[in-house]
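Chemist: Can you read through this structure? Questions will come right after.
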Amino acid sequence: MAQKNPGSGRSLLIVESPSKVKTIAGYLGDAYEVDSSMGHIRDLAQPSDLPAEMKKGPYGKFAVDVESGFDPYYLVSTDKKKKVAELKRKLKDSDALYLATDGDREGEAIAWHLLEVLKPKVPVYRVTFPEITREAIERGFGELRELDKDLVDAQETRRVLDRLYGYEISPVLWRKVSSGLSAGRVQSVATRMVVQRERERMAFVTADHWDLTGEFTPVSGPDAGSAFQARLSSVDGRKVATGRDFDDRGQLRKPEAVAHLDEQQARSLAEGLSEAAFTVAQQETKPYLSRPKAPFTTSTLQQDAARKLHFSSRSTMQVAQRLYENGYITYMRTDSVALSQQAVSAARKQARELWGGDFVPDAPRSYANKSKNAQEAHEAIRPAGDSFRTPDQVRGSLSADEFKLYELIWQRTVASQMADAKGFTATLRLAATSTDGRKAEFSASGTVITFNGYLSAYREAPDTTEGKDGEAKGRKDRRLPQMEEGDALTSQEIAAEGHSTKPPARYTEASLVAAMDELGIGRPSTYAAVISTITDRGYVKVRGTSLIPSWTAFSVVRLLEEHFSDYVDYDFTAEMEEGLDRIARGEEDRTQWLQRFYFGREDEPDDGLKAIVDDLGEIDARALNTLKVTDTIDLRVGKYGPYLESGGGVDPETGEVTDPVRANVPDTLAPDELTAEKAEELMEIGRADGRELGQDPQTGRTIVVKDGRYGPYVSEVIPEPTQEELDAIPTEYYKNGKPKPKKIDKPKPRTASLLSSMDIQEVDLDDALKVLSLPREVGADKDGEMITAQNGRYGPYLKKGSDSRSLSSEEQIFEITLEEAQRIYALPKQRGRGAAKPPLKDLGTDPITDKPMIIKDGRFGEYITDGETNVTIPRSESVEQMTAERASQLLSEKRAKGPAAKKTTRSSSGSRAKKPSGASTTKRAGTRKKTSASS
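Letter 719 of the sequence shown, counting from 1, is numbered 718 in numbering that gives the first Met the number 0, and no numbers are missing.
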């Protein structure tokens, strides 16, 4: 390990994560005190947390002085004060300080903040460990360096840039769309991508087309009698139209070049070929070669983990972080596909040992980055160490999710240094003439792998993206019978098949990550956080694995496109990322770059963010939040969600003012599902909203049916107080002598949700009085406590005190007897809270843990469980929409978080909880002076 000068005391080595401390300390021995900063010890201040004397100064708006070099003001957060004091105490007893935070921009910034706050008087050294292994730590101490000021500048510039972007644009969203919304340099562009894909789906026009399939058998030859399938490819020499031949408007791109069959043509051709003589018109065999993919980057790891393991981006990064910190893989935030010499040797050696010399090419493979703005500071993600541990060797020490991800990384790394997979692809073309004289040609192809090569270690996840015909893409490995041109075949079951083109597939987390990476938008290390942000903010909902934009997202994106077009432009956003890269490489000055972004260029000052915000002009919020569905129906995004509106206004002839008809849009309805027909259906419900059903004979109050945000319900109308009632109330006066307005406390109206068997358009007074009569008293139990039957959000149930039991049908609410209810309560309770409830949905087996997954109704709502891990269903999703794949992803993400941290009552402890206020306010913390990493 690193040698120290004779007679020196202990050195303090600081990492950013407490998970690394024990492992690194074990390698270093007693000569080093290893501790962690627990991430950033300080951050850019919130303007509300600034010292009082600074709030009215140049730092007041952003906590950044934009007039003086974009100088940021940093504060040590409350939950890090104790940690800072602890590090300072340890530093006093040390003869050297080693800053061993991660080697990327964020890690470099953490090291700089430590240097600024701790103010060490001992020698300072910068050291990085790309992996937590003995070999890597030894190499790190042999490559000590100074702090990289350019990386620190790039991180600080990014932080200031995001503050300016968010604090200038977000208030516009609050005023014109809805309070609580946020804009972000990357999150807004990601939201726009999801919205744009939904727009394409909404504008898509479906086209229908037909073709034929048949089963064929060689009459003679070595494979006589071996059946195979083929599909019609041409008629009379013209290619049969497939989904790829249609554009998004449902029109053929080149109608003269293809034969577009309708149902009648296809069926008549099938009938005409039923007795036709088929022969092999052409046979072609080509060599097949498949090369291994490069080792994982952050982006490609997230994509493959989503496709193969059903991990979310956030879950992937959480699991990878643990693998890195515990010494199983190299650093997981990287854009590089390069491997070190040691890693290449380890991969080649392991492949040779496991599969033999033929599976390893003569020369090592090298890979180059293809994505924009790739940073080469790290290696690709790979197993840690100068020799790799196989998955079987680590299985016992990893959790299920950790093992799955390690295995995936190991497979990809070893495969990247293995030989190509080889084989051949055979294509057959079969010809026949129908009874009406049409010449038909069928084709079939199949690939046979003769040498697995790298496929022995790693196989690509199948691409489940739907093509134009809704068929999953992907190579089908199959062997065709051996035949020669002119050979005869018999045909069976020639059938006509109809197809409809499908709209572009929605983004999944994996495909959105891939698209952002390809466009150079943001950094792959932030993609997990970006996707979490746009879902948490309500811009995007998850259905299965698909990302569906909310109507609020449509309004936000429209505002940004119309008034901040550059800031959601893909190329502009990628160029900003490239600008940060130039700063990190020392090729550009941070202050000048921020000056251009915020104040504009000297020759074009109007293109800066400040000028654009200052000169926004009038924005019609109503128009911004309105989308035309039909000529008479508009969708509006309101304070409480989206709704449809039709009619209303002033009659030009009579001058009569009429209110528009409105209808709620269900949260579960995706934007592309709001067709004209669906809108009309919802409007019919809207027209029934507020319909008077009659008067309650007991109270005399009018009963109405309404369409609420959470479904239809009935309610009684409480009449307004009469003038006589108001006059009877004594008059009260303000201090200035003016009378206060008189008010009568109106009773809260009774309301009740309709039963699932009831329809808002058909419900009558009897139905309404029936549900308004609930809860129904079933009878008193033997202990004297009353049992009631009720209808709740999750269905019918019995209640006795705080003990609830589900009923199997709504009819039981009105029919169940006391004896039947007592039998239900006689059943054993589960966990002391009542009898076990049947699962709301069975999701099958989790592909990661092989445990059964079900959805249950718990005390705090519906949740998914595999018997060991429980996770609440997100508010943006429903039981009906939940798929097995999505459930597995949510459980995996929950497992990745680990057990919840125990709460502490000590307010001064080093809690990890984020607290926006109450931070250290030393003036020194507001400076930007870069300190050398050695002294």
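For every residue, glycine included, the Cβ atom is placed at its ideal position computed from N, Cα and C.
1) Sort R690, N663, G689 by Cα distance to L681 and report the nearest one.
2) Determine, using beta carbons only, whether S937 and R332 come nearer to each other than 8 Å.
3) Any chance the region 394-406 sits against the region 267-287, with 3 or more Cβ pairs inside 8 Å?
4) In the DSSP assignment, the beta strand (DSSP E) including A935 goes from what residue to what residue?
5) Under 8 Å by Cβ, that's how I've got V257 and D244 pegged, so tell me the actual separation to the nearest angstrom.
6) With a cut-off of 8 Å on the beta carbons, I'd call Q341 and D385 a contact; round off their distance for me.
7) With H, G and I counted as helix, E and B as strand and the rest as coil, what does DSSP make of E577?
8) Do P71 and V151 come within 8 Å of each other at the CB atom, strictly closer than that value?
9) Quick check for students: name the residue ranges of the beta strand (DSSP E) that lie wholly in the region 1-65, counting only runs of 3 or more.
10) Taking the beta strand (DSSP E) that G857 belongs to, which residues open and close that run?
11) Would A895 and V529 qualify as a contact pair, given that the criterion is a beta-carbon distance under 8 Å?
12) I'd like to check one pair, G778 with L753: are the Cβ atoms closer than 8 Å?
13) Which residues does DSSP pair with S499 in a beta bridge?
14) Consult DSSP for G707 and reduce its assignment to one of helix, strand or coil.
15) Taking contact to mean at least 3 C-beta pairs separated by less than 8 Å, is the region 126-139 in contact with the region 322-338?
16) Throw me the rounded Cβ distance for the G381 and I408 pair, which I believe falls under 8 Å.
17) Give every residue of the same chain whose Cβ lies closer than 6 Å to the Cβ of L12, excluding the five residues on either side of it in the sequence, and list them in chain order.
18) What's the call for M575, buried or exposed, on a 16-neighbour Cβ count within 10 Å?
19) What is the rounded straight-line gap between the Cα of R230 and the Cα of Y569?
20) Using 8 Å as the Cβ pair cut-off and three pairs as the minimum, do the region 551-562 and the region 174-191 touch?
21) For D602, does the count of other Cβ atoms within 10 angstroms reach 16, so buried, or fall short, so exposed?
22) Does the count of Cβ pairs from the region 664-674 and the region 530-549 closer than 8 Å reach three?
23) Give the single residue among K638, R191, E508, E679 whose Cα lies nearest to the Cα of T629.
24) Using C-beta distances below 7 Å, list every residue in its chain close to T156, excluding the 5 sequence neighbours before and after it, in chain order.
25) To the nearest angstrom, how far is it from the Cα of T864 to the Cα of P795?
26) Does Y639 pass the burial test, meaning 16 or more other C-beta atoms within 10 Å, or should it be called exposed?
27) Look at the Cβ atom of Y457, then the Cβ atom of A420, and state whether they are nearer than 8 Å.
28) Spatial neighbours of E876 within its chain, please: CB distance less than 8 Å, with the 5 preceding and 5 following residues excluded, ordered by chain position.
29) Report all residues from its chain with a CB closer than 7 Å to the CB of Q481; omit the five preceding and five following residues, and keep chain order.
30) Please report the straight-line C-alpha distance between L272 and L427, rounded to a whole angstrom.
31) Can you tell which of V126, F295, A425, S344 has the C-alpha that lies nearest to the C-alpha of A367?
32) Does A319 pass the burial test, meaning 16 or more other C-beta atoms within 10 Å, or should it be called exposed?
33) Near T730, which residues of its chain fall below 6 Å by C-beta distance, leaving aside the five closest residues on each side in sequence?
34) What whole-angstrom Cβ distance do W550 and V656 have, given they're in contact under 8 Å?
35) Can you tell me where the alpha helix (DSSP H) holding D889 begins and where it ends?
36) Among the candidates R505, N624, G599, I520, whose CA atom is the shortest distance from the CA of E561?
Modeler: Short version:
1) Indexing the sequence shown from 1 puts residue 681 at position 682. Checking every option, the nearest Cα to that of L681 belongs to N663.
2) Residue 937 is absent from the model: the chain starts at 0 and stops at 934.
3) no
4) In the structure as shown, the chain begins at 0 and stops at 934. Residue 935 is therefore absent and cannot be evaluated.
5) Residue 257 sits at position 258 when you count from the first residue of the sequence shown. Residue 244 sits at position 245 when you count from the first residue of the sequence shown. Confirmed, Cβ separation roughly 5 Å.
6) Taking the sequence shown and counting its residues from 1, the one referred to as residue 341 is at position 342. Taking the sequence shown and counting its residues from 1, the one referred to as residue 385 is at position 386. The beta carbons of Q341 and D385 sit about 4 Å from each other, so the pair counts as a contact at 8 Å.
7) For this step, residue 577 is matched to residue 578 along the sequence shown. In this structure, E577 counts as helix in the three-state DSSP scheme.
8) Taking the first residue of the sequence shown as 1, we reach residue 151 at position 152. Taking the first residue of the sequence shown as 1, we reach residue 71 at position 72. If you check the CB distance, V151 and P71 do not come in under 8 Å.
9) 10-14, 31-35, 41-43
10) Against the sequence shown, residue 857 aligns to sequence position 858. It spans 851-857 - the beta strand (DSSP E) in which G857 sits, taken as one unbroken run.
11) Walking along the sequence shown from the start, residue 895 turns up at place 896. Walking along the sequence shown from the start, residue 529 turns up at place 530. Going by C-beta atoms, A895 is not nearer than 8 Å to V529.
12) To locate residue 753, count along the sequence shown from 1; it is residue 754. To locate residue 778, count along the sequence shown from 1; it is residue 779. Cβ atoms of L753 and G778: not closer than 8 Å.
13) On the sequence shown, position 500 is the one that residue 499 refers to. According to DSSP, S499 bridges with D207.
14) In the sequence shown, counting from the first residue as 1, residue 707 sits at position 708. G707: strand per DSSP, three-state reduction.
15) yes
16) By 1-based counting over the sequence shown, the position of residue 381 is 382. By 1-based counting over the sequence shown, the position of residue 408 is 409. The question names Gly, but residue 381 in the sequence shown is Arg. About 7 Å; that satisfies the 8 Å criterion.
17) For the purposes of this step, residue 12 is identified with residue 13 of the sequence shown, where counting begins at 1. Same-chain partners within the cutoff: Y31, V33, Y97, A99.
18) Reading the sequence shown from its first residue, position 576 is the one you call residue 575. Buried.
19) Your numbering for residue 230 matches position 231 in the sequence shown. Your numbering for residue 569 matches position 570 in the sequence shown. Taking the straight line from one Cα to the other gives about 41 Å.
20) yes
21) Counted from its first residue, the sequence shown places residue 602 at position 603. With fewer than 16 other Cβ atoms within 10 Å, it is exposed.
22) Two segments are said to touch when three or more pairs of C-beta atoms, one from each, lie closer than 8 Å; by this definition the region 664-674 touches the region 530-549.
23) By 1-based counting over the sequence shown, the position of residue 629 is 630. Selected option, being the one with the closest Cα: E679.
24) For the purposes of this step, residue 156 is taken as residue 157 along the sequence shown, with counting starting at 1. Around T156, the same chain offers L579, I582, R589, W592, L593 as residues with beta carbons nearer than 7 Å, after the five sequence neighbours per side are excluded.
25) The residue labelled residue 864 in the question sits at position 865 within the sequence shown. The residue labelled residue 795 in the question sits at position 796 within the sequence shown. Rounded to whole angstroms, T864 to P795 spans 23 Å at the Cα level.
26) To locate residue 639, count along the sequence shown from 1; it is residue 640. Y639 is exposed by the Cβ-count criterion.
27) Reading the sequence shown from its first residue, position 458 is the one you call residue 457. Reading the sequence shown from its first residue, position 421 is the one you call residue 420. No.
28) As a position in the sequence shown, residue 876 is number 877, starting the count at 1. Closer than 8 Å at the Cβ level, and outside the excluded window around E876, lie K540, V541, R542, R885.
29) Along the sequence shown, one-based indexing puts residue 481 at 482. Within the same chain, Q481 has close Cβ partners G220, P221, D222.
30) Stepping through the sequence shown from its first residue, residue 272 is reached at position 273. Stepping through the sequence shown from its first residue, residue 427 is reached at position 428. Looking at the two C-alpha atoms, the distance is approximately 18 Å.
31) Here residue 367 corresponds to residue number 368 of the sequence shown, with the count starting at 1. Checking every option, the nearest Cα to that of A367 belongs to F295.
32) Mapped onto the sequence shown, residue 319 falls at position 320. Its Cβ being crowded by 16 or more others within 10 Å, A319 is buried.
33) Position 731 of the sequence shown, counting from 1, holds the residue named residue 730. Hits under 6 Å: P738.
34) By 1-based counting over the sequence shown, the position of residue 550 is 551. By 1-based counting over the sequence shown, the position of residue 656 is 657. Contact doesn't hold; Cβ gap of about 28 Å is too wide.
35) As a first step, residue 889 must be located in the sequence shown, where it is residue number 890. According to the sequence provided, residue 889 is Leu. The question's Asp does not apply to it. Start and end: 883-896.
36) The residue given as residue 561 occupies position 562 in the sequence shown. The residue with the shortest Cα to Cα distance from E561 is N624.
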